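> Take a look at the following structure, please.
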Amino acid sequence: MPSVENYGAQPPIELLRTYMDFHGWYDRKAIGSFRTLVDVNLICAMGPPGGGRNSITPRFLRHFNYLSYTDLENASMKRIFGTILGSWLDPATEIFKAIGKLVDSSITVYNTIIDKLLPTPAKSHYTFNLRDLSKMFQGMLMFSHVAITGIQSLLRIWYHENCRVYQDRLINNEDRFWFQKLMDDRMRDDFDVPFDVVVIREPVLYADFLSKNPDHKLYEEVTDMDKLVRYLEEALDDYNQNDLGQMNLVLFNDAIKHICRIGRVIRQPGGNALLLGMQGNGRQSLTRLASHVNEMECFQIELVKGYEFIEWRDDLKKVILKSGLRKRKMVFLFSDTQIKLESFLEDVNSILNSGNVPNIFPSDEMETIYQGMRQVTIDAGLPAIKSNMYAMLTKCVKSNLHSVITMSPIGEVFRERLRQFPAFVTCCTINWFSEWPEAALQSVALIFLKQIPNLVASNQVINGTIAMCQLMHQTVGDAAVRFHQELLRRVYVTPKGYMDLLSSFRKIHSIKISELTSAKDRMNTGLEKLKNCSRDVAQMQIDLEILRPQLVIAAKDTEIMMIQIAFDTELAEETRVVVKQEEEQASKKAAETQAIADDAQKDLDQALPALDAALASLKNLNKGDVVELRTMQSPPQGVRMVMEAVCILKGIKPKTYPGQKPGSRIIDYWDPGKALLQDPTRFLDNLFKFDKENISDETMKKVRPYIEDPTFLPEHIAKVSKACTSICEWARAMYKYAEITRIVEPKRIALAGTKADLAVTMEALAEAKGRLDAVENGLSNLNGKLSSAINRKKELEDNSVLCEARLIRAAKLIDGLKDERSRWQETVESLENKLNSILGDVLISSGSVAYLGPFTEEYRSSLSHEWIKGLDFNGVPHTSDPTFLNTMGDPVKIRTWQIAGLPKDRVSVQNGLIAEYNERWPLFIDPQGQANKWIKNLNKESGLLVFKMSEKDISKILEKAVLYGMAALLEKLGEELDPVLDPVLLNQVFYKGQTLMMKIGDNLIKYHEDFRFYMTTSYPNPNFSPEVSLKATVLNFTLAPSGLEDQLLATVVAEERQDLEIAKNELIVNNAQMKQDLKNLEDQLLFRLSSSEGNPVDDVEFIELLEASKKKSAEIKKKVAAAEITEKIIDETRSQYIPVAVRAQILFFCMSGLAVIDPMYQYSLEWFQALYTTCIRDSEKSGICYSMVD
318 MPSVENYGAQ PPIELLRTYM DFHGWYDRKA IGSFRTLVDV NLICAMGPPG GGRNSITPRF
378 LRHFNYLSYT DLENASMKRI FGTILGSWLD PATEIFKAIG KLVDSSITVY NTIIDKLLPT
438 PAKSHYTFNL RDLSKMFQGM LMFSHVAITG IQSLLRIWYH ENCRVYQDRL INNEDRFWFQ
498 KLMDDRMRDD FDVPFDVVVI REPVLYADFL SKNPDHKLYE EVTDMDKLVR YLEEALDDYN
558 QNDLGQMNLV LFNDAIKHIC RIGRVIRQPG GNALLLGMQG NGRQSLTRLA SHVNEMECFQ
618 IELVKGYEFI EWRDDLKKVI LKSGLRKRKM VFLFSDTQIK LESFLEDVNS ILNSGNVPNI
678 FPSDEMETIY QGMRQVTIDA GLPAIKSNMY AMLTKCVKSN LHSVITMSPI GEVFRERLRQ
738 FPAFVTCCTI NWFSEWPEAA LQSVALIFLK QIPNLVASNQ VINGTIAMCQ LMHQTVGDAA
798 VRFHQELLRR VYVTPKGYMD LLSSFRKIHS IKISELTSAK DRMNTGLEKL KNCSRDVAQM
858 QIDLEILRPQ LVIAAKDTEI MMIQIAFDTE LAEETRVVVK QEEEQASKKA AETQAIADDA
918 QKDLDQALPA LDAALASLKN LNKGDVVELR TMQSPPQGVR MVMEAVCILK GIKPKTYPGQ
978 KPGSRIIDYW DPGKALLQDP TRFLDNLFKF DKENISDETM KKVRPYIEDP TFLPEHIAKV
1038 SKACTSICEW ARAMYKYAEI TRIVEPKRIA LAGTKADLAV TMEALAEAKG RLDAVENGLS
1098 NLNGKLSSAI NRKKELEDNS VLCEARLIRA AKLIDGLKDE RSRWQETVES LENKLNSILG
1158 DVLISSGSVA YLGPFTEEYR SSLSHEWIKG LDFNGVPHTS DPTFLNTMGD PVKIRTWQIA
1218 GLPKDRVSVQ NGLIAEYNER WPLFIDPQGQ ANKWIKNLNK ESGLLVFKMS EKDISKILEK
1278 AVLYGMAALL EKLGEELDPV LDPVLLNQVF YKGQTLMMKI GDNLIKYHED FRFYMTTSYP
1338 NPNFSPEVSL KATVLNFTLA PSGLEDQLLA TVVAEERQDL EIAKNELIVN NAQMKQDLKN
1398 LEDQLLFRLS SSEGNPVDDV EFIELLEASK KKSAEIKKKV AAAEITEKII DETRSQYIPV
1458 AVRAQILFFC MSGLAVIDPM YQYSLEWFQA LYTTCIRDSE KSGICYSMVD
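What follows is the structure in structure tokens.
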């Protein structure tokens, strides 16, 4: 009912009472106008006062008549549920006869639970009503009656549904054992069936997502647990591949049970769930996976800065329209961490009760709903009026929308909300998430350990490691209880913390294995190369002794060879002179011979054109031309002359006839010539093949008259015969060629003689060149041998020089690293021992990172000592000092932090390491502002964005820091975290293509790997919610006495002896830098030594670097030693002021403790330090330190 205000009234009731008394209300706009309502009757329903329900004022109740509805009697309930079960089971089966007993047993269980499991402050949700009994029977109806084969299978599904409705909300094992005993008694007393016969396997689970037919899923018993695990793992992989938010879940038995329970609820029409448990136990993640398995869309509001009631209503509209108008199966996941306004719960309560939120849609959106639901209403056989259409929408919402509310049961707020919004209990199936049992802790640890690639250990050690993880989680839980009892500080130990422990173990183990293995390998490589270098020195000395006599022999051989080469060179020069003279003679004779040949060729060139022309002309003759010539009976004179010349040249004798004068003879060549023409082809061929080289002088004499005859020219002969023209040219060409040949012949003879002389000369020249070549080849061979000898000599000299140089460098190397060699050997042995004992050290460090942040020094030491004892008890190897600082502390880095302002006490250093290695961003409890100062100094150079939650543009600041890789500090934080920080706190990064992105508000920002985020609160004892502990690493940075004492000592020394404090600070900075330089030098030497290829003796640059490093290292060590002496002297002087600092820190913590008496007695460290400094300055000065201190 409406809550009571400060004055005892209930405003909504008073408003209704005004109507009942005066039949209306005053109009708020028209002042003084009274609005009267007529024909209005009120029918109200309420539960009886008590149990969180407020009483109603009698002034309102006097207007009503009362009708009281009592609880249903057992007979009525049996009639109702018996009828329902009767319609489910087949009347023809024997099982049908057991309906009466089953309903009676169910009613007995229900009544017993109501009587025995009463609500208490710790069990405020132990309220039961008839809906719970109905839910039990509704669950049974999901099971197919065909699959019921006997009374055992019927009782098994009955037992399972009772467990889901009643047992799942029970908060402890005591109540669960009582419920198991109740079910055992009912089975034995009512059915005479032992519990073990019904429950043949544990756990008893029913689900529909293992059905072979995906289109018709059957709600059936899970008999193969391994198959169920495989299916859910595949579903988880599929979810992670198709969703931006990755879920790294370990599906142990309890998680699988919760998935099946959530799946059972959301598969029922109108099924809603209330998941109760601590933050971080997987309620939301398991709900998302169950929704994915059941192929439902899981919707969850996203809180951003400025998310108010309007944005909430817009999200609800989306959910209602999707599930009602579009008929999409949806799961509305709502967490108590998202309750910014209590009105959110009123709307959720309304959805759970009726599937609707009154007046959520304006009129224009209602028209859209009516349009969408019109046909659905008509199909349902109802008139398409507005009331029916909206009722149909509500019906679809109740059927398709499943609300899953997750709440933390801690605190009065939870109980108050259950009282104010009863639908969270009456309309939801409650599932209590208990602390993980030992089996769950062990199985999760085993799965994580199997996923670590470099984990090499025996099964005994693995089992011991698992037992240690469980021990650490449980001891921290016990310490958290004592911590709250003693100091009123709340530390929440959740399954998320256990997951952080395992995640930190995997991360730190990887870091330490890589670090130790790399250092060991580098040092082993360096030592191995030093050993090889020592062996090489002895070998080089032997090689040098062998090289020296070889060098003497090589020098002698070279000298002999050079003498022989000088002699052969002189001989070669003499031979070269002779050859040159003979070459000159040969060249002269060759020139003469060429001149004669050229002259003869010149004469021949005169006849050759005519000869070629004649032959070309003959080629133009054909057989017909010759036949025509042969058929002439009375040839012209020109033809006769041509044939006579041919006959003379060919040596054909003429015919003679008696002449007219007595004694004279007529010479006739025509008839013999005609005989030549008988075979035209042969005739022409003979002309072409005519032997023009051997024409006799007599023939030349006979032919000369024809040649000299002016009519024996081709142009005259062409007038009488074409064929004879070519033959005439041929005859004249033969004559001319023979004539020129007679001129050329003497020249040819002279040319032949000259060539013979030239051949003799060339032969002598070749012989001389042969001698020269032989001499030069011999000289060349000697030169080659000399070059080889010289190269060999140079090689021996170089090898000798190199060997001596390598001996010198080796001596330098061995001498330079002789000190490091023994230290490196010890370091390698130490690293080997650490590698063999790494598991225990890493476990302690992982537990410190995951759990120790909120605790004080006393609790941290106690837990660490208890864990170290556990290592020995469980057989987990570890070093002699497996503490967090010894394992993960880097002295150089810690000194850098202390220079930046980190207090030097153990707790502060641990806080720095936890912030360094924890995967969540740190939240410092910093009442004295020490962490704030340290963070600002540490990030001064890289850039730091400082802001408070009161600033407007927080999203812009975060976007800038994320984009540019800057550090961001949120200071003066309260006890709550704004949802706008969630993307950063939860590290919600994802890849878009190849780019790592983060969504802040509505903007996608490129995520820079250098981004850092810090939070500080000035509250000395903040009451953080479990949600804060899950999102951030809470670190107790409250100043320790030792840390404050050191600061106060520095203050008093700075005031009294400023020179000492300045010198002290300079020494701290210089010592840190020098030690860093020493470490860098050693790392550089090891890197060069291990990465060098071949023998390091040959690396001249490395030897030079070694000498320079050794020199610099000696200088630094000398300076460090001097600085330590100086620091000791300074500390001795400063120690005279320690009593002042001790008394001041005692005084400060006494004053701080006054706040427990009254909150007004609160004093800040800044105020105290200012007062402390003022007192020192105003104190009476004295030259004697002890007098001033006293």
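Quick note, this note's numbering runs 317 ahead of the 1-based positions in the sequence shown. Don't be surprised by glycine CBs; every beta carbon is placed ideally from N, CA and C. Since the model is a prediction, treat every value here as computed from it, not as a measurement.
1. Give a yes or no on whether the C-beta atoms belonging to LEU1160 and VAL1193 are separated by under 8 Å.
2. Taking the beta carbon of HIS801 as the centre, do at least 16 other beta carbons fall within 10 Å, making it buried, or is it exposed?
3. Between ASN557 and MET453, what straight-line distance do the alpha-carbon atoms span, to the nearest angstrom?
4. Buried or exposed, going by whether 16 or more other CB atoms sit within 10 Å of the CB of ASP541?
5. With which residues is TYR1508 paired in a DSSP beta bridge?
6. If you reduce the DSSP assignment to three classes, tell me which class SER827 lands in.
7. I need the boundaries of the beta strand (DSSP E) containing SER652, first residue and last residue.
8. LEU633 lies in the alpha helix (DSSP H); which residues open and close that run?
9. Using the C-alpha atoms, what's the distance from GLN692 back to THR685?
10. Run through the DSSP bridge pairs and tell me what ALA705 is partnered with.
11. Taking C-beta to C-beta, are VAL778 and LEU1156 nearer than 8 Å?
12. Assuming ILE1252 and TYR1331 make a contact with CB atoms under 8 Å, what is their CB distance in whole Å?
13. Helix, strand or coil: how does DSSP classify TYR1503 here?
14. Under the assumption that TYR523 contacts HIS477 (Cβ atoms under 8 Å), give the Cβ distance between them as a whole number of angstroms.
15. Between which residues of its own chain and ASN673 is the CB-CB distance below 6 Å, once the five residues before and five after are set aside?
16. Between which two residues does the beta strand (DSSP E) holding SER1327 run?
17. Identify the residues that DSSP records as bridge partners of THR723: which are they?
18. How would you call GLN787, buried or exposed, if buried means at least 16 neighbouring beta carbons within 10 angstroms?
19. PRO1239 lies in the beta strand (DSSP E); which residues open and close that run?
20. Tell me, which residues are paired with THR1334 by DSSP?
21. How would you call PHE381, buried or exposed, if buried means at least 16 neighbouring beta carbons within 10 angstroms?
22. With H, G and I counted as helix, E and B as strand and the rest as coil, what does DSSP make of GLY1206?
23. Could you give the distance in angstroms between the alpha-carbon of GLY399 and the alpha-carbon of CYS361?
24. Would you mind stating whether LYS829 and GLU1149 have Cβ atoms separated by less than 8 Å?
25. Report yes or no: do the region 484–495 and the region 459–467 share at least 3 C-beta pairs separated by less than 8 Å?
26. I need the straight-line Cα distance from THR782 to PHE765, nearest angstrom please.
27. Compute the Euclidean distance between the alpha carbons of PRO586 and ASN717, then round it to the nearest angstrom.
28. Between the alpha carbons of HIS533 and MET337, how many angstroms are there, rounded?
29. Please work out which residues of its chain come closer than 8 Å, Cβ to Cβ, to ARG518, disregarding the five sequence neighbours upstream and downstream, and give them in chain order.
30. I need the straight-line Cα distance from ALA364 to PRO328, nearest angstrom please.
31. Going residue by residue through the region 530–602, where are the continuous alpha helix (DSSP H) segments of at least 4 residues, counting only ones entirely within it?
32. Mapping DSSP to helix, strand and coil, what is ILE360?
33. Measuring only between beta-carbons, confirm whether ALA797 sits less than 8 Å from chain C.
34. Taking C-alpha atoms, which residue in ASN1153, GLU390, ARG334, ASN1235 lies nearest to MET816?
35. Alpha carbon to alpha carbon, how far is MET840 from VAL1297?
36. Return the chain-ordered list of same chain residues with a C-beta closer than 6 Å to the C-beta of THR425, the five sequence neighbours on each side being excluded.
Well, looking at it:
1. Position 843 of the sequence shown holds residue 1160. Position 876 of the sequence shown holds residue 1193. Against a cut-off of 8 Å, the Cβ pair of VAL1193 and LEU1160 comes out as a contact.
2. Position 484 of the sequence shown, counted from the first residue, corresponds to residue 801. HIS801 counts as exposed, since fewer than 16 other C-beta atoms from the protein chains shown sit within 10 angstroms of its C-beta.
3. Within the sequence shown, residue 557 is the residue found at index 240, counting from 1. Within the sequence shown, residue 453 is the residue found at index 136, counting from 1. Distance between the alpha carbons of ASN557 and MET453: 34 Å.
4. Counting from one through the sequence shown, the residue named residue 541 turns up at place 224. Counting Cβ neighbours within 10 Å, ASP541 comes out exposed, since fewer than 16 surround it.
5. Nothing about residue 1508 can be reported from this structure: the residues present for the chain run from 318 to 1507 only.
6. Reading the sequence shown from its first residue, position 510 is the one you call residue 827. It is helical.
7. The residue given as residue 652 occupies position 335 in the sequence shown. Counting along the chain, the beta strand (DSSP E) containing SER652 begins and ends at 647–652.
8. Locating residue 633 in the sequence shown gives position 316, counting from the first residue. 626–637 is the span of the alpha helix (DSSP H), which, as asked, contains LEU633.
9. Sequence index remark: in the sequence shown, residue 685 carries index 368 (1-based). Sequence index remark: in the sequence shown, residue 692 carries index 375 (1-based). The straight-line gap from Cα to Cα measures roughly 13 Å.
10. Translated into positions along the sequence shown, residue 705 becomes position 388. It should be noted that the sequence gives Asn, not Ala, for residue 705. DSSP output for ASN705 lists no bridge partner at all.
11. Counting from 1 along the sequence shown, the entry for residue 778 is found at position 461. Counting from 1 along the sequence shown, the entry for residue 1156 is found at position 839. Yes. Within cutoff.
12. On the sequence shown, residue 1252 is found 935 positions in, with the first residue counted as 1. On the sequence shown, residue 1331 is found 1014 positions in, with the first residue counted as 1. Taking 8 Å as the upper bound for CB-CB distance, ILE1252 and TYR1331 are in contact here, some 5 Å apart.
13. In the sequence shown, residue 1503 corresponds to position 1186, counting from 1. For TYR1503, the predicted structure reports a pLDDT of 46, less than 50, and the residue's modelled location is therefore unreliable. The matter cannot be settled from this model.
14. In the sequence shown, the residue the question calls residue 523 occupies position 206. In the sequence shown, the residue the question calls residue 477 occupies position 160. For TYR523 against HIS477, the beta-carbon gap comes to about 6 Å, under 8 Å, which counts as contact.
15. Locating residue 673 in the sequence shown gives position 356, counting from the first residue. For ASN673, the CB contacts under 6 Å within the same chain, skipping 5 residues up- and downstream, are THR711 in chain order.
16. In the sequence shown, counting from the first residue as 1, residue 1327 sits at position 1010. In the sequence as displayed, the identity of residue 1327 is Asp instead of Ser. Boundaries for ASP1327: no beta strand (DSSP E) harbours it, and the DSSP string shows neither H nor E there.
17. Translated into positions along the sequence shown, residue 723 becomes position 406. Note: THR723 sits in a beta bridge opposite LEU592, SER652.
18. Within the sequence shown, the letter at position 470 stands for residue 787. Result: buried.
19. Walking along the sequence shown from the start, residue 1239 turns up at place 922. Per DSSP, PRO1239 belongs to the beta strand (DSSP E) from 1239–1242.
20. As a working mapping, residue 1334 is identified with position 1017 in the sequence shown. According to DSSP, THR1334 shares a beta bridge with ILE1242.
21. For the purposes of this step, residue 381 is taken as the residue at position 64 of the sequence shown. The residue is exposed, with fewer than 16 neighbouring Cβ atoms inside 10 Å.
22. If you number the sequence shown from 1, residue 1206 lands on position 889. Taken through DSSP and simplified to helix, strand or coil, GLY1206 comes out as coil.
23. Counting from one through the sequence shown, the residue named residue 399 turns up at place 82. Counting from one through the sequence shown, the residue named residue 361 turns up at place 44. Taken atom to atom, the span from the alpha-carbon of GLY399 to that of CYS361 is near 32 Å.
24. Within the sequence shown, residue 829 is the residue found at index 512, counting from 1. Within the sequence shown, residue 1149 is the residue found at index 832, counting from 1. Against a cut-off of 8 Å, the Cβ pair of GLU1149 and LYS829 comes out as no contact.
25. Counting Cβ pairs under 8 Å, fewer than three are found: no touch.
26. Your numbering for residue 782 matches position 465 in the sequence shown. Your numbering for residue 765 matches position 448 in the sequence shown. Approximately 11 Å between the Cα atoms of the pair.
27. For the purposes of this step, residue 586 is identified with residue 269 of the sequence shown, where counting begins at 1. For the purposes of this step, residue 717 is identified with residue 400 of the sequence shown, where counting begins at 1. Going from the Cα of PRO586 to the Cα of ASN717 covers about 7 Å.
28. As a first step, residue 533 is located in the sequence shown; it is residue number 216 there, counting from the start. As a first step, residue 337 is located in the sequence shown; it is residue number 20 there, counting from the start. Here the alpha carbons of MET337 and HIS533 stand approximately 55 Å from one another.
29. Within the sequence shown, the letter at position 201 stands for residue 518. Beyond the five residues adjoining it in sequence on each side, ARG518 comes within less than 8 Å, by CB distance, of THR540 in the same chain, given in chain order.
30. Translated into the one-based positions of the sequence shown, residue 364 becomes position 47. Translated into the one-based positions of the sequence shown, residue 328 becomes position 11. Residue 364 is actually Gly in this sequence, not Ala. The alpha-carbon atoms of GLY364 and PRO328 are separated by roughly 19 Å.
31. Within the region 530–602, the runs of alpha helix (DSSP H) that reach at least 4 residues and sit entirely inside it are, in chain order, 542–559, 570–583.
32. Within the sequence shown, residue 360 is the residue found at index 43, counting from 1. When secondary structure is reduced to three states using DSSP, ILE360 falls in the coil class, being assigned neither helix nor strand.
33. Among the chains of the structure shown, chain C does not appear; only one protein chain is present.
34. By 1-based counting over the sequence shown, the position of residue 816 is 499. Taking each of ASN1153, GLU390, ARG334, ASN1235 in turn and checking the Cα distance to MET816, the smallest one comes out for ASN1235.
35. Against the sequence shown, residue 840 aligns to sequence position 523. Against the sequence shown, residue 1297 aligns to sequence position 980. Taking the straight line from one Cα to the other gives about 49 Å.
36. Along the sequence shown, one-based indexing puts residue 425 at 108. Within the same chain, THR425 has no close Cβ partners at all.
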